[in-house]
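To start, the structure itself, in structure tokens.
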Amino acid sequence: MGMQNQRRVYGETLEELGSRDERIVVLEADLRNSTMTALFQRAFPERHFEVGIAEANMAGIAAGLALTGKIPFVNSFATFAAGRAYDQIRQAICIGNLNVNIVGSSAGLSDFGDGATHQAVEDIAIMRAIPNMTVLAPADGNEVREMVGAMAAHDGPVYMRLNRNDVPDALPAENTFRMGTPVVIRDGKDLVVFAHGIMVSRAVQAANILAKEGVSVRVVNVSTLKPLDEAALLDLAQGFQGVLVTEEHSIVGGLTALAAYVLRGQGLPLESVAISDVFGQSAHSHEELLEHYGLTAARMVETARAMLRRGA
Amino acid sequence: MAITDQEIAELKEVARKNRIDTIDVTGWAGGAHIGGALSMMDILTILYWKYLKIDPSNPDWPERDRFVLSKGHGGVGHAVVLANKGYYDPAILRDFNKTGSAFGMHLDGNKVAGVDVSTGSMGHGLPMSVGLALGARCKGEDWLTYVMLGDGECDEGSCWEAAMAAAHYKTGNLIGFVDRNHMMIDGPTESVMSLEPFADKWRAFGWETREIDGHDYTQLATAIEFAQGYTDGPVMIVANTVKGKGVSYMENDPAWHYGGLSAELIRQAKSDLGEG
Numbered sequence: 045m046g047m048q049n050q051r052r053v054y055g056e057t058l059e060e061l062g063s064r065d066e067r068i069v070v071l072e073a074d075l076r077n078s079t080m081t082a083l084f085q086r087a088f089p090e091r092h093f094e095v096g097i098a099e100a101n102m103a104g105i106a107a108g109l110a111l112t113g114k115i116p117f118v119n120s121f122a123t124f125a126a127g128r129a130y131d132q133i134r135q136a137i138c139i140g141n142l143n144v145n146i147v148g149s150s151a152g153l154s155d156f157g158d159g160a161t162h163q164a165v166e167d168i169a170i171m172r173a174i175p176n177m178t179v180l181a182p183a184d185g186n187e188v189r190e191m192v193g194a195m196a197a198h199d200g201p202v203y204m205r206l207n208r209n210d211v212p213d214a215l216p217a218e219n220t221f222r223m224g225t226p227v228v229i230r231d232g233k234d235l236v237v238f239a240h241g242i243m244v245s246r247a248v249q250a251a252n253i254l255a256k257e258g259v260s261v262r263v264v265n266v267s268t269l270k271p272l273d274e275a276a277l278l279d280l281a282q283g284f285q286g287v288l289v290t291e292e293h294s295i296v297g298g299l300t301a302l303a304a305y306v307l308r309g310q311g312l313p314l315e316s317v318a319i320s321d322v323f324g325q326s327a328h329s330h331e332e333l334l335e336h337y338g339l340t341a342a343r344m345v346e347t348a349r350a351m352l353r354r355g356a
Numbered sequence: 119m120a121i122t123d124q125e126i127a128e129l130k131e132v133a134r135k136n137r138i139d140t141i142d143v144t145g146w147a148g149g150a151h152i153g154g155a156l157s158m159m160d161i162l163t164i165l166y167w168k169y170l171k172i173d174p175s176n177p178d179w180p181e182r183d184r185f186v187l188s189k190g191h192g193g194v195g196h197a198v199v200l201a202n203k204g205y206y207d208p209a210i211l212r213d214f215n216k217t218g219s220a221f222g223m224h225l226d227g228n229k230v231a232g233v234d235v236s237t238g239s240m241g242h243g244l245p246m247s248v249g250l251a252l253g254a255r256c257k258g259e260d261w262l263t264y265v266m267l268g269d270g271e272c273d274e275g276s277c278w279e280a281a282m283a284a285a286h287y288k289t290g291n292l293i294g295f296v297d298r299n300h301m302m303i304d305g306p307t308e309s310v311m312s313l314e315p316f317a318d319k320w321r322a323f324g325w326e327t328r329e330i331d332g333h334d335y336t337q338l339a340t341a342i343e344f345a346q347g348y349t350d351g352p353v354m355i356v357a358n359t360v361k362g363k364g365v366s367y368m369e370n371d372p373a374w375h376y377g378g379l380s381a382e383l384i385r386q387a388k389s390d391l392g393e394g
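In order, the protein sequence lines correspond to chains X and H.
For reference, each letter of the first sequence is one residue, going 45 to 356 in the working numbering.
For reference, each letter of the second sequence is one residue, going 119 to 394 in the working numbering.
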């Protein structure tokens with residue numbers, strides 16, 4: 045299984061998209077070599093707008109560009125893209141339902157070295173709460189490639205979060221991203237796991253471990269957090285003994301909350317392997333943080349065993 | 119002479135009617151941001167009746183000039199201007215701010231013909247206007263973006279982020295106004311949060327800046343024509359105005375930032391404005 049860097053795939057895809065569609069414009073707030081919009085900037089300097097360290101202004105300018113028919117991609121670290129520019133995203137972009145794409149780079153705990161200030165554990169919650177917004181969290185590099193094209197084609201505001209580090213390919217080659225549709229990437233019949241982002245490949249690892257114990261696990265990639273085909277999610281959980289949700293995000297306002305809402309009244313046991321309502325912290329590696337916060341296949345296996353024991 | 123005496127007389131009459139209609143709509147709505155709507159009315163009138171390249175019968179005309187009311191709470195005045203300019207039937211404003219009406223307190227560009235940009239939260243109009251100006255430049259189109267800021271609004275840091283960006287990108291197709299009525303909700307701007315030396319701040323941020331009397335049509339015409347001809351960068355016209363202009367009991371009283379109007383207050387306002 046290969047590894048890819050979502051930021052690099054994003055930067056390359058954006059450049060490729062830019063060569064096909066001159067409506068694509070890119071806004072950057074002094075992080076172009078990290079967000080990888082430097083690739084677009086080199087190819088199309090006249091369509092790349094550096095705004096300096098001014099994320100709110102960047103979002104506002106993007107709204108204006110969208111009003112002229114351009115398709116802006118706004119870039120920063122996820123915590124600044126979603127947090128610092130929140131009011132501009134709400135007021136200037138989402139109320140007008142403008143065609144602005146916001147890309148939150150180094151999301152989750154993936155900017156391990158910089159600590160809580162730079163780690164977005166609540167970006168999905170913030171963005172999901174705004175009417176008209178679409179929220180995406182790609183599982184791997186291949187899905188980033190598909191999502192960027194879908195974002196450009198979609199009319200309306202979209203937020204996508206990206207991992208900072210190289211991540212394993214999680215999806216089969218034939219996977220085709222469809223906005224709003226949860227996709228089964230490994231089927232099973234006892235337990236269903238709903239996951240997004242880096243936790244999808246970890247859920248597959250957990251499913252492989254559980255398979256050896258005779259537990260059959262279905263893993264579903266829920267890479268669109270909004271708008272979600274809720275009926276599809278409900279269907280995918282029917283007949284299972286329990287539901288495990290996992291995400292590199294706070295339990296507040298992310299997939300955990302979403303799944304609990306969609307599955308309400310079904311009588312299905314539901315557990316979550318996610319970040320409890322706390323900030324991140326500095327570390328020497330992303331893996332170290334994932335271990336610390338329990339975002340591991342091992343924790344999923346333990347949680348699944350406990351849930352099935354209770355259900356038996 | 120940029121503007122003739124006859125034009126000035128005609129524009130003043132249009133502005134007078136716009137102010138009276140704004141009083142009526144405020145009365146129908148049960149209350150609105152009347153003080154700031156009246157202070158900016160001469161600027162809106164000269165823009166819409168003399169300088170903006172627009173076609174009310176074709177509100178989405180791609181070549182039109184864009185107007186951004188960054189001080190979105192002045193929507194009641196803007197709504198009247200658009201109605202009297204022919205974008206829609208003025209009678210529709212009887213439902214202003216009612217549930218289900220297309221006309222909310224802060225105008226929505228997806229619902230109201232002639233409104234280029236939805237505004238309402240302070241400090242967003244200038245960044246969006248910079249985006250419009252850059253978009254026009256990208257596309258090689260020669261329409262202009264006009265933006266109206268409130269003075270109190272300029273407390274917002276995003277205004278100055280955008281001011282910096284506009285100068286950096288030398289947006290010669292962007293013309294700004296500040297409705298400098300010196301009042302905000304909590305009192306005079308200089309007691310709430312000092313803005314002065316205000317015009318110098320815009321100059322320091324790289325804007326070609328003019329400071330004028332925002333109720334003087336000769337000064338307005340001169341400043342606007344200068345701005346239209348200046349293409350090296352953005353121009354800011356700091357227009358000194360009177361909050362509640364034209365209505366005796368409202369002028370320079372911050373209490374009239376927002377207010378409802380009894381029949382007696384409406385009668386008095388209209389009398390002040392030379393009607394009835």
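We put the beta carbon where it would ideally sit given N, CA and C, even for glycine.
{"Item": "Alpha carbon to alpha carbon, how far is X/Y305 from X/L277?", "Value": "11 Å"}
{"Item": "Could you spell out the range, first to last residue, of the beta strand (DSSP E) harbouring X/E315?", "Value": "314 to 319"}
{"Item": "I want to verify the contact list: residues of chain X whose CB lies under 7 Å from the CB of H/P352, in sequence order.", "Value": "None at all; the shortest Cβ gap to chain X is about 13 Å."}
{"Item": "List, in chain order, every chain H residue whose beta-carbon is nearer than 8 Å to that of X/V263.", "Value": "What X/V263 touches in chain H: nothing, since even the nearest Cβ is about 40 Å away."}
{"Item": "Compute the Euclidean distance between the alpha carbons of H/A220 and H/D226, then round it to the nearest angstrom.", "Value": "8 Å"}
{"Item": "In the DSSP assignment, the beta strand (DSSP E) including X/E72 goes from what residue to what residue?", "Value": "68 to 72"}
{"Item": "Quick one: is X/M47 buried, meaning 16 or more other Cβ sit within 10 Å of its Cβ, or exposed?", "Value": "exposed"}
{"Item": "Under 8 Å between C-beta atoms, does H/M266 make it to chain X?", "Value": "no"}
{"Item": "Who are the neighbours of X/R128 on chain H, taking C-beta pairs under 8 Å?", "Value": "Correct list: empty, because the minimum Cβ distance to chain H is about 11 Å."}
{"Item": "Does the region 134 to 147 of chain H come close enough to the region 279 to 296 of chain X that 3 or more CB-CB pairs lie under 8 Å?", "Value": "no"}
{"Item": "I'd like the list of long-range same chain contacts for X/S260, defined as Cβ closer than 7 Å, with 5 residues on each side in sequence excluded.", "Value": "G232, K233, D234"}
{"Item": "Does DSSP put X/Q48 in a helix, in a strand, or in coil?", "Value": "strand"}
{"Item": "Give a yes or no on whether the minimum CB-CB distance between X/R91 and chain H is below 8 Å.", "Value": "yes"}
{"Item": "For a test of the three-state rule: what should DSSP assign to X/R205, helix, strand or coil?", "Value": "strand"}
{"Item": "With 16 as the cutoff for other CB atoms within 10 Å, does H/W179 come out buried or exposed?", "Value": "exposed"}
{"Item": "With 8 Å set as the bound, which would you pick, yes or no: does the beta-carbon of H/L292 sit closer than that to a beta-carbon of chain X?", "Value": "no"}
{"Item": "Can you tell me whether X/H336 is buried or exposed? The criterion is at least 16 other CB atoms within 10 Å of its CB, across all chains shown.", "Value": "exposed"}
{"Item": "Could you check if X/F323 is buried or exposed, using at least 16 other CB atoms within 10 Å of its CB as the buried criterion?", "Value": "exposed"}
{"Item": "Under 8 Å Cβ-Cβ, which residues of chain H neighbour X/V95?", "Value": "E279, A283"}
{"Item": "Starting from H/N358 and walking both ways along the beta strand (DSSP E), at which residues does that stretch end?", "Value": "353 to 358"}
{"Item": "Quick one: list the residues of chain H neighbouring X/V118, beta-carbon separation under 9 Å, in chain order.", "Value": "Neighbours of X/V118 on chain H: none; closest Cβ ~11 Å, over 9 Å."}
{"Item": "Is it the case that the region 357 to 374 of chain H contacts the region 184 to 202 of chain H, given that we only count it when at least three CB pairs across the two stretches are under 8 Å?", "Value": "no"}
{"Item": "If you run the structure through DSSP and keep just helix, strand and coil, what is X/R76?", "Value": "helix"}
{"Item": "Ignore the nearest five residues each way along the sequence and tell me which others in H/V353's own chain have a CB closer than 6 Å to its CB.", "Value": "I293, E326, A345"}
{"Item": "Any beta carbon of chain H sitting closer than 8 Å to that of X/V202?", "Value": "no"}
{"Item": "Rounded to whole angstroms, what is the Cα-Cα separation between H/A155 and H/A197?", "Value": "10 Å"}
{"Item": "Three or more C-beta pairs closer than 8 Å, one from the region 287 to 307 of chain H and one from the region 264 to 274 of chain H: is that the case here?", "Value": "yes"}
{"Item": "Does the distance from the CB of X/T300 to the CB of X/E292 come in under 8 Å?", "Value": "no"}
{"Item": "Any beta carbon from chain X within less than 8 Å of H/N176's own beta carbon?", "Value": "no"}
{"Item": "Let's test the definition: count the other Cβ atoms within 10 Å of the Cβ of H/N228 and tell me whether it reaches 16, buried, or not, exposed.", "Value": "exposed"}
{"Item": "Residues of the region 174 to 203 of chain X in Cβ contact with chain H at a cutoff of 8 Å, in chain order, please.", "Value": "none"}
{"Item": "Look up H/F214 in the DSSP assignment and say whether it is helix, strand or coil.", "Value": "coil"}
{"Item": "I'd like to check one pair, H/F295 with H/I161: are the Cβ atoms closer than 8 Å?", "Value": "yes"}
{"Item": "Thinking C-beta only, is X/A194 closer than 8 Å to X/H240?", "Value": "no"}
{"Item": "What is the rounded straight-line gap between the Cα of X/L352 and the Cα of X/S316?", "Value": "14 Å"}
{"Item": "Contact check, X/I174 vs X/R134 under 8 Å by CB: the rounded distance?", "Value": "5 Å"}
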